[in-house]
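Q: Please see the structure below; I have some questions.
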Amino acid sequence: MEFSRDEDLRALEAALAQAFLAQSLDLVRSVHIASVDTGAVRVWLGLRVAEVDAAKIRDLKSMVKSFFSLYGRSEVLLGFVDFLGEPGTLPILRAIKIEAPVSLRRLVEALSRKGFMVPSESWLRTRLDTLRRKRLLVWSKGGSYSLSEAGLRVVRHGVGKRSSDVERVLALGRRKW
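The sequence shown maps to residues 135 to 311 in the working numbering.
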């Protein structure tokens, strides 16, 4: 079975999350399917706890493999995400403000430099689309992102050395034009 549209992927993620709840595997906080094109299905699970015993990991892997076997997909690559390392909305908006206009690849690099773990570009693109629908950022046809007026109001500003405004000026100075 082929899955190509974002709506299909979101529906699969929701179905897999419900399957975890039905099996009382409540240590899964979120499900992100990064790729189901050709070859292996790539699935990222966000866990509620930092450490999980080996038996629970086996249960999770078994559950995901049996879920995708219903769709005729036997090869599944499973990754785990510690939620302490994923960037939330505010760090993403702050990074966009500092680097704007910023491509998806440069945004991943900027967040990584700040110590955040981005599971995949697809994961970040999904987050950015959500923020765009909330009118916090603007996407340009060239593939770059910038904050909207509403997004600028959300990100704190000031004159201290850790201010996003000061960081933006410094980033602009370092940028190669």
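Glycine is no exception: its CB is placed at the ideal position from the N, C-alpha and C atoms. As the structure is a computational prediction, the values presented were derived from the model and not from experiment.
Are there three or more Cβ pairs, one per stretch, closer than 8 Å when the region 184 to 201 is compared with the region 227 to 238?
A: With the cut-off at 8 Å, the region 184 to 201 and the region 227 to 238 do not touch.
Q: Using a Cβ-Cβ cutoff of less than 6 Å, which residues in the same chain neighbour arginine 228 once the five nearest sequence positions on both sides are dropped?
A: Correct list, in chain order: Val289, Ser298.
Q: Flag this pair as touching only if the region 148 to 166 and the region 174 to 183 have three or more C-beta atom pairs under 8 Å; answer yes or no.
A: Enough Cβ pairs lie closer than 8 Å, so yes.
Q: State the DSSP-derived secondary structure class of phenylalanine 202, mapped to helix, strand or coil.
A: Note: phenylalanine 202 maps to helix in three-state DSSP.
Q: Could you tell me which residues DSSP puts in a beta bridge with phenylalanine 214?
A: BP columns for phenylalanine 214 point to Leu179.
Q: Using CA atoms only, rank isn't needed, just tell me which of Arg309, Arg267, Leu262 is closest to isoleucine 230.
A: With distances taken between Cα atoms, isoleucine 230 lies closest to Leu262.
Q: Whole angstroms are fine: how far does the CA of glycine 294 sit from the CA of valine 170?
A: Each residue's alpha carbon lies about 46 Å from the other.
Q: Looking at C-alpha atoms only, which residue of Leu271, Pro253, Leu304 is the closest neighbour of histidine 166?
A: If we check each option's Cα against that of histidine 166, Pro253 comes out closest.
Q: How many whole angstroms separate the CB atoms of phenylalanine 154 and methionine 197, which I take to be in contact at a CB cut-off of 8 Å?
A: Right, the Cβ-Cβ distance comes to about 7 Å (below 8 Å), so this counts as a contact.
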